[in-house]
Amino acid sequence: ARRHTVIDFDSQFDEKLATNIFVVTLCIAILFIMAECHIAIIGSGLIGRSWSMVFASAGNRVLMFDTDSVQLQNSLGLIHEQLTSLEKNNNLRGDLSAEEQMKLISVTNDLETCIKGAKYIQECIPENLELKKNLFHKLDPVVCSTSIIASSTSCILPSKLSESLKNRANFLVAHPVNPPYFVPLVEIVPAPWTGPEVVDTTRRLMADCGQSPVTLNKELPGFALNRIQYAILRECWNLVSEGILSVEDTDTVMTDGLGPRYAFIGPLETAHLNAEGFQKYCETYGETIYNVSQTLKPLPKMSGEKLQCISAQLEAKTPLVSLADRRAWRDENLVQLSRLKLQRKRQMRSISE
273 ARRHTVIDFD
283 SQFDEKLATN
293 IFVVTLCIAI
303 LFIMAECHIA
313 IIGSGLIGRS
323 WSMVFASAGN
333 RVLMFDTDSV
343 QLQNSLGLIH
353 EQLTSLEKNN
363 NLRGDLSAEE
373 QMKLISVTND
383 LETCIKGAKY
393 IQECIPENLE
403 LKKNLFHKLD
413 PVVCSTSIIA
423 SSTSCILPSK
433 LSESLKNRAN
443 FLVAHPVNPP
453 YFVPLVEIVP
463 APWTGPEVVD
473 TTRRLMADCG
483 QSPVTLNKEL
493 PGFALNRIQY
503 AILRECWNLV
513 SEGILSVEDT
523 DTVMTDGLGP
533 RYAFIGPLET
543 AHLNAEGFQK
553 YCETYGETIY
563 NVSQTLKPLP
573 KMSGEKLQCI
583 SAQLEAKTPL
593 VSLADRRAWR
603 DENLVQLSRL
613 KLQRKRQMRS
623 ISE
C-alpha cells in the first residue's frame, strides 16, 4: 500500500515561531547586558565627582563607590548642584539635560557591586601607593576579565600599581587635569604589559566624552604634564627666591605672556611659527637656548624662609579664606576658554570644508 506523507503545517509554524521568539529574546538579552555595562568610579571626592560628571555628560551610566555612605549622598548633592548651575549658565557639557545626566549617576558602598559588569573602572582614591595597591589587589580576584582598570594617579608609575595583578594587561593610568570637567586633557600611561587594545579603547572612551587624550608610549616619573609643569615651577621658584621677580610678576609672565599662546598652540608649534619653521628656529636660536639652559639651576627643597616668603605674597593676593571663591572664578574662566576654543575649532572646520 502507498504510504501518504502528512505535513503538519501548524507544527512547523509553531516551531518557526518558537525559534524566532528565541532569537528575539536572545537579542533583547544581549542589548540589555550591553546597556547594563557601566563605568565604575571608586572614590567620591573632587576627582571622583568630576569623572562622574564627565562620563555622564556623554550618556554613560555611572556607579560611584565610597565606603562612607554619608559622603556618597553628599557627593550626589554636590554633583546635582553643579550640573544644575552649569545648565543654568549654559555651560553644561553634552546633549542631555542636567536631570537626565543626574539619573545616570548612582552610588553604592559595596565595592563588588560597583565593579560587577563594569566596562571601565576609574580609581580616584588618595595619592598613596600602598592604599592604591591594596585596592587593586581587592579588585583583581573579582573584576571582570574584560574590564579596563584605570588609576587617576598623577605620579605613581602604572607598573608599580599593577605588577602583581592577574589582570594587569587591562591596567593603565588615566591621569586627568584638575578639574577634569573644565580642563579636558587626560594622560593615558600604559604599563609595559598593558594590552594595546586597552590603550586604544580608553583613548576612544575619553575622546567620546569630550576629553583630549594623549598617550605616553612608555611610563616615566611625572608622566608628561607634571614634568613640564615642574620645569616651569622650578624656574618660577628660583626667579622669586633669588629676588629677580615678585610672585605677582612671575605669574604675569605666564598669564599675559606664555599662557595665551599656549592655550591655542603648544610650545613646539609656537617655536615653529616664530620662525620659518622649527628647523629654522633651532638654527637661529638653538645656541642661545643652550647657553641660557646652562644657567638654569635645579630646584632646591621647597621649604624654609623662601617658602614662607612666597606663601605670604600669594596669601596677600588670595587669602586662604578666599580660595573657594578664587577656584570658582578660575573654573568660570576655564569654561569660557573652553567654549571659545570649541567655537574656533568649529569655525576652522567649516572653513576647511
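273 is the number of the first residue of the sequence shown in the working numbering; add one for each residue after it.
Glycine included, each C-beta is placed from N, C-alpha and C at the ideal position.
Using a 10 Å radius around the Cβ and a threshold of 16 neighbouring Cβ atoms, would you call P572 buried or exposed?
exposed
Supposed contact pair S424 and E459 - C-beta distance, whole angstroms, cut 8 Å:
Contact flag wrong, Cβ pair sits at about 10 Å.
If we call anything under 8 Å between Cβ atoms a contact, is N498 one with K569?
no
If you drop the 5 nearest sequence neighbours on each side, which residues of the same chain put their C-beta closer than 6 Å to that of C386?
A312, L335, F337 and T380
Reduced DSSP secondary structure (H/G/I, E/B, other) of P468:
helix
Under the three-state reduction of DSSP, which class applies to Y392: helix, strand or coil?
strand
V326 versus D367: straight-line alpha-carbon distance, rounded
12 Å
Taking its Cβ as the centre, do 16 or more other Cβ atoms sit within 10 Å of K490, making it buried, or is it exposed?
With fewer than 16 other CB atoms across the displayed protein chains lying within 10 angstroms of its CB, K490 is exposed.
With DSSP collapsed to three states, give me the class of I658.
The chain is shown only over 273 to 625; residue 658 falls outside these bounds and no answer can be derived.
I561: first and last residue of the uninterrupted alpha helix (DSSP H) it sits in
F550 to S565
With a cut-off of 8 Å, do at least 3 Cβ pairs link the region 580 to 600 to the region 519 to 530?
yes
So the candidates are R616, N346, H447 and D382; which of them puts its Cα closest to the Cα of A496?
H447
Residues bridged to S423 by DSSP?
Looking at the DSSP assignment, S423 forms a beta bridge with E395 and V445.
Nearest by alpha-carbon distance to L383: which of D523, V461, E507 and F408 is it?
F408
According to DSSP, simplified to helix, strand and coil, what is L335?
strand
Continuous beta strand (DSSP E) stretch holding T487: start and end
S484 to T487
The beta strand (DSSP E) spanning E459 covers which residue range?
Segment L457 to P462, the beta strand (DSSP E) holding E459.
Return the bridge partner residues of T380 from the DSSP annotation.
F337
First and last residue of the alpha helix (DSSP H) that includes K573?
Here K573 belongs to no alpha helix (DSSP H), and DSSP marks it neither H nor E.
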